[in-house]
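Quick mapping for you: the protein sequence lines, in order, are chains A and B.
Whatever position you read off the first sequence (first residue = 1), add 466 for my numbering.
Whatever position you read off the second sequence (first residue = 1), add 1 for my numbering.
I have placed the structure first, in the form of structure tokens, so that the comments after it can refer back to it.
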Amino acid sequence: MHTLRRGLLAGVLASLVLAMFDFVTVGAPGNGLPPVLRWFGITVADPAISHWAGLFLLIVLGAVWGLIFGALQRDNLITAGHPLLTGLALGVLWWFIFELLLTNILNHASSPLSLSFGRFLASFPLDVLFGVLIGAIFIQWQARQAAEAS
Amino acid sequence: MHISSSARKPKRVAVTASGEGAIAPPITLSERSSAGLALLRIFVGYLWFQQLFWKLPPTFAGLFGYVVRESQHTILPGYGTLLQHTFLAGCPSLSSPVGCAAFVPLAACLWTAELLVTISLLFGLFTRFGALLATILSVQLYVGLAYTEWIWTYGMLVLLALVLVAVPAGRRLGVDLWLAPRLQAAGQRHRLAHIASWFV
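Printed below as a string of structure tokens:
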């Protein structure tokens, strides 16, 4: 249960970092948040609502990813390598599902796997970072709890 | 987390604690401060990440105007000449990179260096190496462009990078967390690992 809760919180925090990245964008603040809604085919006309709804959905998705991460970490000993690798893999999965498949399908792209270098560069490193952050936050909490227990 | 620059540094902290403690007590960062510095590192990495997109390969065209400006407004004597004989060598015109023989390969090196800084700082992977590279790139920008914009713009970039050279910010919320103890252990036996441990 502790592992699931830690995973959930790590996912939420990592998604907040992603949200901050989406906030600091060229053009207008928060330009990166409405595209999160578009992954699910949702379009909101009001810009303010679409920004807030995008932020909310991003945090929810982060929490779900964190729960999956927590479930995969059950009964594991405290080693930094495994959580970081699991996080990295989940980051790649996030990129594959949301930034590649869903974005292409909803944009009616020629192929669900079509990808330009610019789009890859803009999305892949940040999504992998999201996963690595889940792992890193999880490790730190695990280590702190172990230190408090001993 | 102790502030330390290499595997050898903790010894120095211990010496400080016993010998000079009364004058200069050792500095220990709390976990919150370390996490804060890690967030700073991530956002400086994001800063570099965003700058990759206005000078994308294969042409790196966005960079050309800045190189020309650097060659004309540099504060370092001789630097303008250096740029004219490298990046701008053989350019028929200073309004376009078309025909510049060396521009694309040199711009590719610069872009790759910035990509390395991005990866290093975002992921906390050999963070101090990335920060060192960021410092060199920022100093180069300062030398070339400081007096074409607000004087502190590139100065702040240099200072931010220097902070990340000084503090092992990748050992929290970064891959260096996993890498640092392994490199330090391997550094007892292998010289290469010992050198690599300076950069985490």
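Using N, Cα and C, we set each Cβ at its ideal position, and we do this for glycine too.
Item, Value
"So, for B/Gly81: in the same chain, excluding its five sequence neighbours on each side, which residues have a beta-carbon less than 6 Å away from its beta-carbon?", "Ser72, Thr75"
"At which residues does the alpha helix (DSSP H) containing B/Cys110 begin and terminate?", "104 to 124"
"Is it buried or exposed for B/Val166, if we count other Cβ within 10 angstroms and need 16 for buried?", "buried"
"So that I know if they touch, is there some Cβ in chain B lying closer than 9 Å to that of A/Ile605?", "yes"
"Is the shortest distance between the beta-carbon of B/Ala36 and the beta-carbons of chain A less than 9 Å?", "yes"
"Using the C-alpha atoms, what's the distance from A/Gly520 back to B/Ala62?", "34 Å"
"By how many angstroms is the C-alpha of B/Gly188 removed from the C-alpha of B/Glu32?", "26 Å"
"Which of the three DSSP states is assigned to B/Thr29 in this structure?", "strand"
"Along the region 40 to 51 of chain B, what residues have a CB closer than 8 Å to any CB found in chain A?", "Leu40, Ile43, Phe44, Tyr47, Phe50, Gln51"
"Can you check which of these residues, B/Leu161, B/Leu64, B/Leu53, is closest to B/Ser96 by C-alpha distance?", "B/Leu64"
"Consider the Cβ of A/Val492: report whether some Cβ of chain B lies at a distance smaller than 9 Å.", "yes"
"Thinking C-alpha only, which one of B/Gly131, B/Leu138, B/Gly156 is nearest B/Val168?", "B/Gly131"
"Suppose the cutoff is 8 Å on Cβ atoms and the five residues either side in sequence are ignored; what does the same chain contact list for A/Phe489 look like?", "Pro495, Gly496, Gly498, Leu499"
"Since A/Gly536 meets chain B, which of its residues come closer than 7 Å, beta carbon to beta carbon?", "Simply none; closest approach about 18 Å."
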